[in-house]
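J.: Right, I'll just put the structure down here and ask away after.
Protein chains: 2
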Amino acid sequence: MEKIEIAHGSGGKLTRELIENLFLKYLDFEELKSLQDASYLKLSSPNIAMTTDSYVVKPFKFPGGNTGKLSVCGTINDLTVSGAIPKYLSLGLIIEEGFSLKELEDIISTIAKTAKEAGIVIATGDTKVVESGKCDGIYINTAGIGEIKKELSPKFVKPGDVVIVTGYIGDHGIAISLAREEFDMEIPVKSDCAPLNTLLTPLFDISGLKWMRDPTRGGVATVTVELSEMSGYGIKLFEDKIPVREEVKFVCDMLGYDPLYLANEGKALIVVDRKDAESTLNILKEHPLGKDSAIIGEVTDSFKGVRLKTRIGGERLLDLLEDDPLPRIC
Amino acid sequence: MEKIEIAHGSGGKLTRELIENLFLKYLDFEELKSLQDASYLKLSSPNIAMTTDSYVVKPFKFPGGNTGKLSVCGTINDLTVSGAIPKYLSLGLIIEEGFSLKELEDIISTIAKTAKEAGIVIATGDTKVVESGKCDGIYINTAGIGEIKKELSPKFVKPGDVVIVTGYIGDHGIAISLAREEFDMEIPVKSDCAPLNTLLTPLFDISGLKWMRDPTRGGVATVTVELSEMSGYGIKLFEDKIPVREEVKFVCDMLGYDPLYLANEGKALIVVDRKDAESTLNILKEHPLGKDSAIIGEVTDSFKGVRLKTRIGGERLLDLLEDDPLPRIC
Chain A
1284 MEKIEIAHGS GGKLTRELIE NLFLKYLDFE ELKSLQDASY LKLSSPNIAM TTDSYVVKPF
1344 KFPGGNTGKL SVCGTINDLT VSGAIPKYLS LGLIIEEGFS LKELEDIIST IAKTAKEAGI
1404 VIATGDTKVV ESGKCDGIYI NTAGIGEIKK ELSPKFVKPG DVVIVTGYIG DHGIAISLAR
1464 EEFDMEIPVK SDCAPLNTLL TPLFDISGLK WMRDPTRGGV ATVTVELSEM SGYGIKLFED
1524 KIPVREEVKF VCDMLGYDPL YLANEGKALI VVDRKDAEST LNILKEHPLG KDSAIIGEVT
1584 DSFKGVRLKT RIGGERLLDL LEDDPLPRIC
Chain B
1284 MEKIEIAHGS GGKLTRELIE NLFLKYLDFE ELKSLQDASY LKLSSPNIAM TTDSYVVKPF
1344 KFPGGNTGKL SVCGTINDLT VSGAIPKYLS LGLIIEEGFS LKELEDIIST IAKTAKEAGI
1404 VIATGDTKVV ESGKCDGIYI NTAGIGEIKK ELSPKFVKPG DVVIVTGYIG DHGIAISLAR
1464 EEFDMEIPVK SDCAPLNTLL TPLFDISGLK WMRDPTRGGV ATVTVELSEM SGYGIKLFED
1524 KIPVREEVKF VCDMLGYDPL YLANEGKALI VVDRKDAEST LNILKEHPLG KDSAIIGEVT
1584 DSFKGVRLKT RIGGERLLDL LEDDPLPRIC
């Protein structure tokens, strides 16, 4: 049997076979293997962060990852930028009838590998199967819980604080765009999809760390606009400081995209007190995922909203994304 | 604008409007309203239970509920039968482009109402929109966490223990079957979809409480077969003791279904020490959701597997569900 059948989602014999022969081959947490309705977990503190995301990226396989890797990294990153140490993830699969078992195995093994490398546990799971034409291969939901170590909030952000990005932006959006094969371009851009916990959790010790966010849907522009609204202050961004790969610029020029609105899956925006900017950058640059970190902006009380100081000396107002040129990028 | 558009899932302006104008109108948890990547939560203990389920029921609206109610009840019930007090739920929505905003509002308001009545909090959420034909209206994932109050496990189950069901079985499966309108029958069967925490958590004080499970996919038969495998003992069920409504029997006869394999969404199977059977029944019967509770079987070491003592005096061996006659019932 090489394809998923409706009966794999019935809760009966085939469901059990799928779980035992495929899922538990890679996911080996004892509580998960007990196949009870819920898993018993131990935390070191009752103060937790919780998040959830569904991943419907199209195509489900792309240079630099697949929806499995994305679903683990995305939820790890949401917890981490909230000041928490990610501990446990749930995994909810919705699979289309006829989906290849080989592809499913690739996805599950990637999930297991990514989780292991990031030091988190897939604690509980669920699988549903829907008829052909009622899904797009596979949709994955992960919810995650982590232990809060550092409270972060837009309300801590103050004028004078600096805005840091942890590396090149727009890679994920462009990788997905190219993977759709709607354009006949052979340009080697890989998604930046990565778990950011080992990069960012060392920053929790920095007293001037105010706020972090991973700029996924809507990109750097949308996230800074939201920060501006929630903090009540203006954000000034410097175009010439924002790291964008030449290949990404090239594709953006060709297709009329703006890198500032493209999704990232392995980058964080960070606001720190100016006095801690240097030490923050030093910590980030020591890590492979943060070596291209840069200060790209600052918080100001001289205006509201987000203004981009362009290379040619002008200023551009940034707003929330209106209509994504690339839906289903995560 | 009366229908969901792709841009509602872009993470930009329309996403924000949807969240603020619709979701936050009903879901009013402060941390959720802060629109951060994760919510900060306080538990009273670091020993937690975690579970997840995706809900893809077809049709998404049926007598007795909708997928929203199901998604809250199902996850509450998974935590409760694990011996935990359900506290926080995450909510992940995958919505099909073109889905009615009115239907979405019905679903969200039902989620809010069900959560409130059950005393749990929708703590964090995510919304994705997929193209028309890549979903079946709406799919919902909920993950839940609860505080462990009573450790339950099939390994505590011993010969002589009794098996209790908390009421009539098969209602949900039949309600879904009839709601599909493939059969021209006007029979008033409503789904039993209900949150079981207020019914079952009072049982946590009973020392002889061993194990609980809500017999959803695969029904009472599949769940007891799994209990038998995991405990290592046989389960004897008495057909004449199992509560099945006349209407459910009638539809089963017409369509060739077996009530023992039909899904339930508001029932629990409970194994208790025989000495505590009476007190357990008394507690259950005091609650509207448990008034038809009955002892339907017992655990034995005289055989393995599950045997049903039939009305006419014979015995039938029960096995895991092979192929669900009714896929996507939850």
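Protein chains in written order, with the numbering used here: chain A, 1284 to 1613; chain B, 1284 to 1613. C-beta atoms are modelled at their ideal positions from N, C-alpha and C, and glycine is treated no differently.
1) Note down the Cα distance separating I1405/B from I1391/B, rounded to an integer number of angstroms.
2) Just to confirm, are D1467/A and V1531/A a CB contact at a threshold of 9 Å?
3) In whole angstroms, what is the alpha-carbon distance linking P1526/B and E1561/B?
4) Under 8 Å by Cβ, that's how I've got A1573/A and T1449/A pegged, so tell me the actual separation to the nearest angstrom.
5) Looking at chain B, is there any beta carbon in it that lies within less than 9 Å of the beta carbon of T1449/A?
6) For V1555/B, which three-state DSSP category applies?
7) Mind the definition here: the region 1356-1364 of chain A touches the region 1327-1345 of chain A only if three or more C-beta pairs lie below 8 Å; say whether that holds.
8) Quick check: what's the CA-CA separation for E1313/A versus L1305/A?
9) What residues of chain A sit near K1493/B, judged by a beta carbon separation below 8 Å?
10) Give the residues of chain A in contact with V1486/B, contact being defined as C-beta atoms less than 7 Å apart.
11) How would you write the range of the alpha helix (DSSP H) that F1533/A sits in, first residue to last?
12) Taking only beta-carbon atoms, is Y1371/B less than 9 Å away from chain A?
13) Residues of chain A with CB closer than 9 Å to the CB of D1607/B, please, in chain order.
14) Relative to the alpha-carbon of R1557/B, which residue among I1394/B, P1442/B, G1588/B, Y1323/B has its alpha-carbon at the smallest distance?
15) Flag S1365/A as yes if its beta-carbon sits less than 9 Å from any beta-carbon of chain B, otherwise no.
16) Identify the contact partners of G1416/B in chain A, using a Cβ-Cβ distance below 7 Å as the criterion.
17) Tell me, please, which residues DSSP counts as bridged to L1600/B.
18) Taking only the alpha-carbon atoms, compute the straight-line gap between G1517/B and I1595/B and give it to the nearest angstrom.
19) In the DSSP assignment, what residue or residues form a beta bridge with N1330/B?
20) Going by other Cβ atoms of all chains shown within 10 Å of its Cβ, with 16 needed for buried, is T1593/B buried or exposed?
21) For A1458/A, which residues in the same chain have their Cβ closer than 6 Å to its Cβ, ignoring the five residues on either side in sequence?
22) Let's see if you can read the secondary structure: which residues bound the beta strand (DSSP E) around N1424/A?
23) Please classify Y1309/A: does DSSP put it in a helix, a strand, or coil?
24) Taking the C-alpha atoms as reference points, what is the distance between G1402/B and E1380/A?
25) Could you name the residues of the same chain whose beta carbon sits closer than 7 Å to that of I1429/A, not counting the 5 residues immediately before and after it, in chain order?
26) Just to confirm before moving on: does the CB-CB distance between V1508/B and V1589/B stay below 9 Å?
27) Would you say D1409/B and L1374/B are within 9 Å of each other, going by their C-beta atoms?
28) Please decide whether N1360/B counts as near chain A, where near means a Cβ-Cβ distance under 9 Å.
29) Less than 9 Å between the beta carbons of I1612/A and V1340/A, yes or no?
30) Who are the neighbours of P1478/A on chain B, taking C-beta pairs under 9 Å?
31) Cα-Cα, which of A1551/B, L1479/B, T1425/B is closest to L1376/A?
32) If you follow the beta strand (DSSP E) that A1290/A is part of, which residue opens it and which one closes it?
33) Count Cβ pairs between the region 1533-1550 of chain B and the region 1432-1440 of chain B that sit closer than 8 Å; are there 3 or more?
34) Assign L1479/A to one of three DSSP states: helix, strand, or coil.
35) What's the gap between the Cα of F1586/B and the Cα of L1326/A?
36) Would you call L1604/A buried or exposed, if buried means 16 or more other Cβ atoms sit within 10 Å of its Cβ?
T.: On the basis of the coordinates in this document:
1) Approximately 11 Å, taken between the alpha carbons.
2) no
3) 18 Å
4) According to the sequence as given, residue 1573/A is Gly; it is not Ala. That belief holds up - the Cβ atoms of G1573/A and T1449/A are roughly 5 Å apart, short of 8 Å.
5) no
6) strand
7) yes
8) In this structure, the CA atom of E1313/A is about 16 Å from the CA atom of L1305/A.
9) The premise fails here: K1493/B is roughly 13 Å from chain A at the closest Cβ pair, so nothing lies under 8 Å.
10) The question names Val, yet the displayed sequence has Leu at residue 1486/B. What L1486/B touches in chain A: nothing, since even the nearest Cβ is about 15 Å away.
11) Taken as a continuous stretch (DSSP letters only), the alpha helix (DSSP H) holding F1533/A covers 1529-1538.
12) yes
13) I1289, A1290, G1292, S1293, G1294, G1295
14) P1442/B
15) So, interface residue.
16) Within chain A, the residues whose beta carbon sits less than 7 Å from that of G1416/B are G1416, listed in sequence order.
17) R1590/B
18) 21 Å
19) K1325/A
20) exposed
21) In the same chain as A1458/A, and ignoring 5 residues on each side of it, the C-beta atoms closer than 6 Å to its own belong to F1345, P1346, G1347, V1472, K1473, S1474, in chain order.
22) 1421-1431
23) helix
24) 37 Å
25) Note on residue identity: the sequence assigns Gly, not Ile, to residue 1429/A. These residues qualify, in order along the chain: I1331, A1332, L1362, A1367, I1368, P1369, K1370.
26) yes
27) yes
28) yes
29) yes
30) The premise fails here: P1478/A is roughly 14 Å from chain B at the closest Cβ pair, so nothing lies under 9 Å.
31) T1425/B
32) Unbroken run through A1290/A: none, as it is neither H nor E.
33) A contact between stretches requires three or more CB pairs, one per stretch, nearer than 8 Å, and the region 1533-1550 of chain B fails this requirement with the region 1432-1440 of chain B.
34) coil
35) 40 Å
36) buried
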